[in-house]
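There are 2 protein chains.
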Amino acid sequence: MRITQGVEWALHCCHALAEAPGGVALTVQQLAELHAGNPAYLAKHLQALSRAGIVLSVLGPRGGYRLGRPPDQIRLLDVVEAIEGQGPVFLCTEIRQRGPAALAPASYRMPCAIAAAVGAAEQAWRRELASTTVADIVAESRRRAPEAIAATARWLEQSAQNRGRRSSGGDAGATGP
Amino acid sequence: MRITQGVEWALHCCHALAEAPGGVALTVQQLAELHAGNPAYLAKHLQALSRAGIVLSVLGPRGGYRLGRPPDQIRLLDVVEAIEGQGPVFLCTEIRQRGPAALAPASYRMPCAIAAAVGAAEQAWRRELASTTVADIVAESRRRAPEAIAATARWLEQSAQNRGRRSSGGDAGATGP
Chain A
1 MRITQGVEWA LHCCHALAEA PGGVALTVQQ LAELHAGNPA YLAKHLQALS
51 RAGIVLSVLG PRGGYRLGRP PDQIRLLDVV EAIEGQGPVF LCTEIRQRGP
101 AALAPASYRM PCAIAAAVGA AEQAWRRELA STTVADIVAE SRRRAPEAIA
151 ATARWLEQSA QNRGRRSSGG DAGATGP
Chain B
1001 MRITQGVEWA LHCCHALAEA PGGVALTVQQ LAELHAGNPA YLAKHLQALS
1051 RAGIVLSVLG PRGGYRLGRP PDQIRLLDVV EAIEGQGPVF LCTEIRQRGP
1101 AALAPASYRM PCAIAAAVGA AEQAWRRELA STTVADIVAE SRRRAPEAIA
1151 ATARWLEQSA QNRGRRSSGG DAGATGP
C-alpha cells in the first residue's frame, strides 16, 4: 500500500501556487522548473487538480494555473482524492459469504467485522488529512525551513517578472510588471 | 492507493484459525475450501504470516497452520504489515530540495511540512489498526453475524473430524477424534 508520488508532486504544486506573488498564475513549465520536475507528468496531475476545482486553468499570455479557492479551504484530503480517486482504500469483497459454510444473504445484514475495523482505520486517516489545509502546510513550511521558503519566494518573484517582460515584449497589450 | 486483497484473505485466515475447534491446525486446503479461495494464493500469504510469527506451520499428519500467539495478541496492524510490508505509505522524496531555488541541506533540518502532515495521517491509520486484534474481530463477527459464525464453526468441526478419520485410516499411529 503506497500513496503515489503524484500526490507528493500535487501537494508541492499547491504549495507553490499558494506562494505565487500576488496570486499570479504559474505555468506548468514554471511549476516543473521550480523543483526540477517533468512538465508532462505535472500537467497530468494539474489536470486532475483542475477537475476537482483545486486549481483553475487561466487562459491568455499571463495564463497558467491558480488555486481554485483560498489555501485555507483546500484540505490535504481534497488533493489526495483528486489524484488517487475517492474509492475506499480497503475494498471488502465479502469473502465471508463464499464457500460451503455460507448462508443466505439475510445472515449478513451488518457489514463484515473485518471491513468495519479496517474501514475505521481508513476513516482515521481521512479525518487527519481533512484536518490540515494547504494554508497550514505553507505556514508550517515557513516555520520549519524559513530560508528555503524565502528562496522559493524570491525565485517565484523573479520568474514572474521574467515572464512579464517576455509577455510585454511579445504582446504590447499585455500588462507587464 | 489500495490495500491489496491479500490483506483481506490473510485476515479471514486468521479469523478462521482463531475459531479452529480446540486450536487444531488447519491446512491450506481447508482454509481455501472454507471461503472458496485459491490454495496457492493463500499459501503465499500464509507463508508471509508465518515469517511474521502470526501463524505457525505445524508438520505431520495433523499438521497445517495454527495461530502463532493468542488472537488477542495479534493486532490488525501486524497482519497488514506482514502482507504489505512495514515501509511508509507515503514516501517523501524531498521534492523541496530540488531545482534552482534549493539551498544547502542545512536549510532543511526539519522534515518537510508535507511529509509531516501526510505522515501524521498515516500514524492515525496505524494507531487504529494497532488498537484492534484478531480476538476483537472474532467477537465482533459473532455479534454481527451469529448464524454465519455458528455455521462456520460447524463446518470447521466437521472438516476437522473428516480429516481425523482420514488420518486414522491412513496412519494407525495418528490420534483420530
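The listed protein sequences correspond, in order, to chains A and B.
Heads up: the first sequence begins at 1 in the working numbering, then just goes up one per residue.
Heads up: the second sequence begins at 1001 in the working numbering, then just goes up one per residue.
In this text, a Cβ means the ideal position worked out from N, Cα and C, and glycines have one as well.
Here the structure is a predicted model, which is why all the values come from computation and not from measurement.
Check: Under 9 Å between the Cβ atoms of Val55/A and Gly68/A?
Finding: yes
Item checked: Interface partners of His1012/B on chain A, CB under 8 Å -> Ile95, Arg96 and Ile114
Next item on the list: Please decide whether Asp136/A counts as near chain B, where near means a Cβ-Cβ distance under 9 Å.
Entry: yes
Next item on the list: Evaluate Asp72/A with the Cβ neighbour count: other Cβ atoms within 10 Å of its Cβ, from every protein chain shown; 16 or more gives buried, anything less gives exposed.
Entry: exposed
Check: Going along the chain, which residues of its own chain have a beta-carbon closer than 6 Å to the beta-carbon of Thr1132/B, five neighbours each way excluded?
Finding: Leu1076
Item checked: CB contact below 9 Å: Val118/A versus chain B -> yes
Check: With a cut-off of 9 Å, does the C-beta of Leu17/A fall near any C-beta of chain B?
Finding: no
Item checked: Interface partners of Val24/A on chain B, CB under 7 Å -> Correct list: empty, because the minimum Cβ distance to chain B is about 16 Å.
Next item on the list: Establish whether the CB of Ala1124/B and some CB of chain A are separated by less than 9 Å.
Entry: yes
Next item on the list: Answer with yes or no whether the minimum CB distance from Gly1164/B to chain A is below 9 Å.
Entry: no
Note to self: Less than 9 Å between CB atoms is the rule here; does Pro1100/B satisfy it with respect to chain A?
What the structure shows: yes
Check: Do the region 1114-1124 of chain B and the region 1132-1152 of chain B meet, that is, are 3 or more Cβ pairs less than 8 Å apart?
Finding: no
Check: Using a beta-carbon distance below 9 Å, is Pro1039/B in contact with chain A?
Finding: no
Notebook entry, point to check: How about Arg109/A and His1012/B: are their beta carbons less than 9 Å apart?
Noted result: no
Check: In chain A, which residues lie less than 7 Å from Val1089/B when you measure between Cβ atoms?
Finding: Met1, Arg2 and Ile3
Notebook entry, point to check: What residues match up with Gly64/A in a beta bridge as DSSP calls it?
Noted result: Val58/A
Notebook entry, point to check: Shorter than 9 Å from the beta carbon of Leu67/A to some beta carbon of chain B?
Noted result: no
Notebook entry, point to check: Grouping DSSP H, G and I as helix and E and B as strand, with all else coil, what is Ser168/A?
Noted result: helix
Next item on the list: Quick one: list the residues of chain B neighbouring Ala151/A, beta-carbon separation under 7 Å, in chain order.
Entry: Ala1101 and Leu1103
Next item on the list: Kindly list, in the order they appear in chain A, the residues whose Cβ is closer than 7 Å to that of Ala1148/B.
Entry: Arg96, Leu103, Ser107 and Tyr108
Checklist line | Neighbourhood of Glu1147/B by C-beta, 8 Å cutoff - its chain only, sequence neighbours within 5 removed | finding: none
Item checked: Residue burial classification, Leu49/A (beta-carbon count within 10 angstroms, cutoff 16) -> buried
Next item on the list: Please report how far the alpha carbon of Ala32/A lies from the alpha carbon of Trp9/A, in whole angstroms.
Entry: 10 Å
Item checked: Endpoints, the alpha helix (DSSP H) within which Gly119/A is located -> Ala113 to Ala130
Item checked: 8 Å CB neighbourhood of Thr125/A in its chain, flanking five on each side removed -> It is worth fixing the name first, because residue 125/A is Trp in this sequence and not Thr. Contacts found: Val89.
Margin query: Would you say Ser1141/B lies against chain A (beta-carbon separation less than 9 Å)?
Written below: yes
Next item on the list: Quick one: using the 10 Å Cβ neighbour count with 16 as the cut-off for buried, is Gln1123/B buried or exposed?
Entry: exposed
Note to self: What residue range does the alpha helix (DSSP H) around Gly1099/B cover?
What the structure shows: No alpha helix (DSSP H) holds Gly1099/B; DSSP gives it neither H nor E.
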